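Residue numbers for the sequence shown, in the numbering used here: 1 to 164.
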Amino acid sequence: MNRVTFSVVAIMLLAAATTLPFVLNAGFGQPPQGAQLSEVEASPHYRDGQFHNTLPTPGFTGQQNMLVAWWQFLTRKTENARPAQPLPLVKTDLASLSPEQDTLVWLGHSSWYMQLAGERILIDPGLSSYAPPFSFTRRRSPLSIKPSPATIRGGRKGCRRSIC
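Right under this line is the structure:
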């Protein structure tokens, strides 16, 4: 057996070995029972013996093809898509926050500042040496920051860890 054939067979066996336990599980794809059924029945979306979506989903029930469903999703006007009045913006002085208070501040896009158990943590994938969520989705940017802030140690007031 050559390498390509062996690799294809190995990948198929690995996929089967990781998928089968879920598919063959007695509860997989079955209606909820016991405590799980009670939880579903308590939902305001459960009536007449079945769960009802808040919005119609014909694109995923075989009533229309995927291209039509995507087009409608991208072009449909949605009620209440914008707030009736502007959302309040609160300027936060991060240095004045009490270190004892657990805090989460959204800085925009995917950036967050957290204070947990007296530790200050800045989360910003854009400052890492490689930001995509999966390594296979994009190539590394030739403009990446060297060294990345995640590798810089100490030197910041109030920071005890290298991730500040």
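Just so it is clear, CB atoms sit at the ideal spot from N, CA and C, and this is done for glycine as well.
As the structure is a prediction and not an experimental result, all values here were calculated from the model.
Output needed for residue i: all residues of its chain with C-beta closer than 7 Å, excluding positions within five of it in sequence on either side, in chain order.
i    : result
W106 : W112
G118 : P99 and E100
T92  : V105
T5   : none
Given that a residue counts as buried once 16 or more other Cβ atoms are within 10 Å of its Cβ, and exposed if not, what is residue i?
i    : result
Q115 : buried
R3   : exposed
R47  : exposed
R120 : buried
Hey, quick one: how far does the beta strand (DSSP E) through residue i stretch, first residue to last?
i    : result
Q115 : S111 to L116
E119 : E119 to I123
T103 : T103 to G108
Which first and last residues belong to the alpha helix (DSSP H) in which residue i is found?
i    : result
R3   : R3 to V23
G126 : From DSSP, G126 is part of no alpha helix (DSSP H); its letter is neither H nor E.
G34  : G34 to E41
V90  : Looking at the DSSP string, V90 is not in any alpha helix (DSSP H), and its letter there is neither H nor E.
A69  : M66 to T75
Near residue i, what residues of its chain come up, given a Cβ to Cβ distance below 8 Å and the 5 sequence neighbours on each side ignored?
i   : result
N53 : H45
F51 : V40, S43 and H45
Report all residues from its chain with a CB closer than 6 Å to the CB of residue i; omit the five preceding and five following residues, and keep chain order.
i    : result
R160 : Only weak support exists for where R160 lies, its pLDDT of 47 falling under 50; the value from the coordinates is given anyway. Excluding positions up to five away in sequence, the list is empty.
D124 : S111
T75  : none
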